[in-house]
Amino acid sequence: MPEPHWIDVPGAGADLKALTWGPAGAPIALCLHGFPDTPYGWRKVAPRLAKAGWRVVAPFMRGYAPSSIPADGCYHVGALMHDALRVRAAAGGTDDDVVIGHDWGAIAATGLAAMPDSPFARAVIMSVPPAAAFRPLGRVPDRGRLARELRISCCAAGTSPTSSCPGCPSGPPRGYPRCCGAGGRRVITPRRICATSTPRSAHRRAGERR
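Residue 210 is where the sequence shown ends in full-length UniProt numbering, and the numbering goes up by one at each step.
As structure tokens, this is what we get:
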């Protein structure tokens with residue numbers, strides 16, 4: 001298995017590092033990792049993509065060592081999008097580039113794909129659907145089953161907002177609904193966690209703030 005190369009992407013928001021496979025000048029497959037993961041999660045896919053003619057670029061997203069922790073503590077989706085665009089530019093983007101996002105990285109990839117002037121010809125989104133998928137679907141035929149699934153999801157989510165994602169506060173932010181988990185344990189569900197994955201002009205400027 002070929003060893004990846006490294007590129008450095010310095011910036012005012014955060015200094016990023018990325019792994020690369022494949023020839024320089026080839027169309028870029030920008031791979032954004034999820035949690036709990038790093039770019040090494042792409043290590044078995046990347047050589048296959050490189051063999052198919054892609055230059056695979058997989059950054060360590062902000063807050064994930066050896067990329068730096070942002071000085072302003074910003075992990076907004078707009079900042080993640082801006083980071084991805086910086087990495088693409090540093091790697092030498094082409095008109096045929098594709099963005100591939102998994103989990104945490106899928107949120108940024110969705111925003112990049114939805115940009116009116118997106119530089120990516122295609123997008124692959126895995127594990128996290130676009131924000132529109134979370135909109136109300138009308139009448140739910142089996143509310144009992146939905147309630148059980150929501151309870152399970154709520155318990156699972158209770159471990160992530162406060163301890164899993166870089167930059168998350170040590171306690172539940174205001175506006176997070178609460179419910180009782182197993183044994184009466186209080187857990188939280190980030191009701192609006194996907195609300196910011198629909199990009200606006202402010203998102204694209206977020207990473208440029210000093």
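All C-beta atoms, glycine included, are put in the ideal place defined by N, C-alpha and C.
By how many angstroms is the C-alpha of residue j removed from the C-alpha of residue i?
i, j, result
"Cys-31", "Ala-14", "18 Å"
"Phe-35", "Pro-4", "21 Å"
"Ser-67", "Pro-129", "26 Å"
"Thr-38", "Tyr-64", "8 Å"
"Pro-27", "Asp-72", "33 Å"
"Tyr-40", "Asp-96", "24 Å"
"Pro-177", "Lys-51", "Bear in mind that a pLDDT of 39 at Pro-177, under 50, signals an unreliable position, so the model cannot answer this."
"Pro-10", "Ala-18", "11 Å"
"Trp-104", "His-82", "15 Å"
"Ala-12", "Ala-123", "27 Å"
"Gly-25", "Arg-43", "20 Å"
"Ala-121", "Pro-2", "27 Å"
"residue 244", "Ala-114", "This structure cannot settle anything about residue 244, because the visible part of the chain is limited to 1 through 210."
"Gly-53", "Cys-74", "35 Å"
Are residue i and residue j touching if we call contact CB-CB under 8 Å?
i, j, result
"Val-57", "Thr-110", "no"
"His-33", "His-102", "yes"
"Leu-112", "Arg-62", "no"
Since I believe residue j is in contact with residue i (beta carbons under 8 Å), could you give me their beta-carbon distance rounded to a whole number of angstroms?
i, j, result
"Arg-55", "Pro-23", "6 Å"
"Pro-59", "Val-87", "5 Å"
"Ile-7", "Ala-84", "Not quite, the Cβ-Cβ distance comes to about 14 Å (not below 8 Å), so this is no contact."
"Ala-29", "Ile-107", "Contact doesn't hold; Cβ gap of about 18 Å is too wide."
"Gly-93", "Pro-119", "6 Å"
Please classify residue i: is it buried, with 16 or more other beta-carbons within 10 angstroms of its beta-carbon, or exposed?
i, result
"Gly-158", "The predicted position of Gly-158 is uncertain, since its pLDDT is 47 and thus under 50; a value taken from the coordinates is nonetheless stated next. Buried, because 16 or more other Cβ atoms sit within 10 Å of the Cβ of Gly-158."
"Ala-79", "buried"
"Pro-161", "Low confidence applies to Pro-161: its pLDDT is 36, below 50, so where it sits in the model is not reliable enough to give any reading."
"Pro-70", "buried"
"Ala-46", "buried"
Determine which residues share a DSSP beta bridge with residue i and list them.
i, result
"Leu-51", "The question names Leu, yet the displayed sequence has Lys at residue 51. Paired residues: none, contrary to the question."
"Asp-117", "DSSP lists no partner for Asp-117."
"Lys-17", "Asp-8"
"Phe-65", "In the sequence on display, residue 65 carries Ala and not Phe. According to DSSP, Ala-65 bridges with nothing at all."
"Val-99", "Leu-30, Ala-123"
"Pro-59", "Ala-18"
Is any beta-carbon of chain C found at less than 8 Å from that of residue i?
i, result
"Thr-94", "Among the chains of the structure shown, chain C does not appear; only one protein chain is present."
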